[in-house]
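J.: Next up is a structure, given as C-alpha cells.
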Amino acid sequence: MSTIENPAGRSSNPVDPETVSLSGYAIDQVYGPSSVQTVDPADPSRPAERIGDPGQFPFTRGIHETMYRKRLWTMRQFAGFGSADDTNARFKYLLENAKGTKANTGLSTAFDLPTLMGRDSDDPLSSGEVGRCGVAIDTIEDMHRLYADIPIDQVTVSQTINGPACVIWAMYLAMARQREIGWDTLGGTL
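So this is what it looks like as C-alpha cells:
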C-alpha cells in the first residue's frame, strides 16, 4: 500500500499501488496537470490552471483525491409511492438493509405526477394519479413525514422534481430548519 501526497501536503488514505486496466495496462493512482503535455496548444504553460489536481479546484479530475478507488459513489434506489408515510417506511427499509454494504448510501425521492406538475392532491386534475408513480407531497407536514426519523444531515437526498423544484426545495429547507439541522450539513441533488 502507498500513500498519495497531494500538492497541498495533505495525504490520502492508502490505496492499492498496483492498479492495472482490464487490458493489462498500468494505471496511475491519480491524474493531474503533470499527466498532461499541454491543454491549450496556444498556451502550453498553463495546464495546472486548466486541469488542477484531483480533489482540488477546478475539480476537472474529480472531487475526491483518489476518486472511486478510495470512496465509492453514492448509490440510491429511486423510491416513492403512496403517501409520505409509505415512502418514509421504504426509505427506512432501504437504509436499514444497506448497513454494512455499499448499497443505498443515499436516498432518491420519486414524486407522483401531481407533485411533478405542481398540483395539489385534491385538485380534480390529480384524480387517479395521487401517489401512483411516486410520493404525493403537498405541504411541509408531508415533507416532515417523508423524512421523519431519517438523518438527512448524514445521508444525501436526491429529489427528482422539475417545475415545482423551488417549492419542494423551500419545504425541504424549512423542514431542516424546524428540525434544527444546519443547511450546511445537507447534501444531495435537486
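The sequence shown lines up with residues 297 to 486 when you count with our numbering.
We treat Cβ as the ideally placed atom computed from N, Cα and C, and that holds for glycine.
Is Phe387 helix, strand or coil when you go by DSSP?
T.: As a first step, residue 387 is located in the sequence shown; it is residue number 91 there, counting from the start. Helix at Phe387.
J.: If we ignore side chains and look at the alpha-carbon of each, how far apart do Glu276 and Leu482 end up?
T.: Residue 276 lies beyond the residue range present for the chain, which begins at 297 and ends at 486; the question has no answer from this structure.
J.: Out of curiosity, what's the CA-to-CA distance linking Gln352 and Val326?
T.: Position 56 of the sequence shown holds residue 352. Position 30 of the sequence shown holds residue 326. So the two alpha carbons sit approximately 12 Å from each other.
J.: Can you look up Gln474 in the DSSP assignment and give me helix, strand or coil?
T.: As a first step, residue 474 is located in the sequence shown; it is residue number 178 there, counting from the start. Reduced to three states, the DSSP call for Gln474 is helix.
J.: By DSSP, does Ser454 sit in helix, in strand, or in coil?
T.: The residue you call residue 454 lines up with position 158 of the sequence shown. Of the three classes helix, strand and coil, the one that applies to Ser454 here is strand, per DSSP.
J.: Take every Cβ of the region 355-373, pair it with every Cβ of the region 412-432, and state whether three or more of those distances are shorter than 8 Å.
T.: No, because fewer than three Cβ pairs between the region 355-373 and the region 412-432 fall closer than 8 Å, the two stretches do not touch.
J.: Of the residues Ile464, Phe355, Pro420, which one's Cα is nearest the Cα of Thr405?
T.: Position 109 of the sequence shown, counting from 1, holds the residue named residue 405. The shortest Cα separation from Thr405 among Ile464, Phe355, Pro420 belongs to Ile464.
J.: At the level of alpha carbons, what is the spacing between Asp381 and Ser319?
T.: Translated into the one-based positions of the sequence shown, residue 381 becomes position 85. Translated into the one-based positions of the sequence shown, residue 319 becomes position 23. Going from the Cα of Asp381 to the Cα of Ser319 covers about 49 Å.
J.: Please name the residue in Asp438, Ala322, Ile323, Asp349 whose C-alpha comes closest to that of Phe377.
T.: Taking the sequence shown and counting its residues from 1, one reaches residue 377 at position 81. Nearest C-alpha to Phe377: Asp438.
J.: Report yes or no: do the region 385-399 and the region 407-416 share at least 3 C-beta pairs separated by less than 8 Å?
T.: Segments in contact, no.
J.: Pull up the CB-CB distance for Leu486 and Val451, whole angstroms please, since I reckon it's below 8 Å.
T.: Taking the first residue of the sequence shown as 1, we reach residue 486 at position 190. Taking the first residue of the sequence shown as 1, we reach residue 451 at position 155. Contact doesn't hold; Cβ gap of about 15 Å is too wide.
J.: Provide the residue span of the beta strand (DSSP E) that contains Leu403, from first to last.
T.: Counted from its first residue, the sequence shown places residue 403 at position 107. Its beta strand (DSSP E) spans residues 402-406.
J.: Give the secondary structure of Val463 by DSSP, where H, G and I count as helix, E and B as strand, and everything else as coil.
T.: Translated into positions along the sequence shown, residue 463 becomes position 167. It is helical.
J.: Thr485 by DSSP, collapsed to three states: which one?
T.: Looking up residue 485 in the sequence shown gives position 189. Note: Thr485 maps to strand in three-state DSSP.
J.: Would you identify the three-state DSSP class for Ala380, choosing helix, strand or coil?
T.: By 1-based counting over the sequence shown, the position of residue 380 is 84. Residue state, collapsed to three classes: helix.
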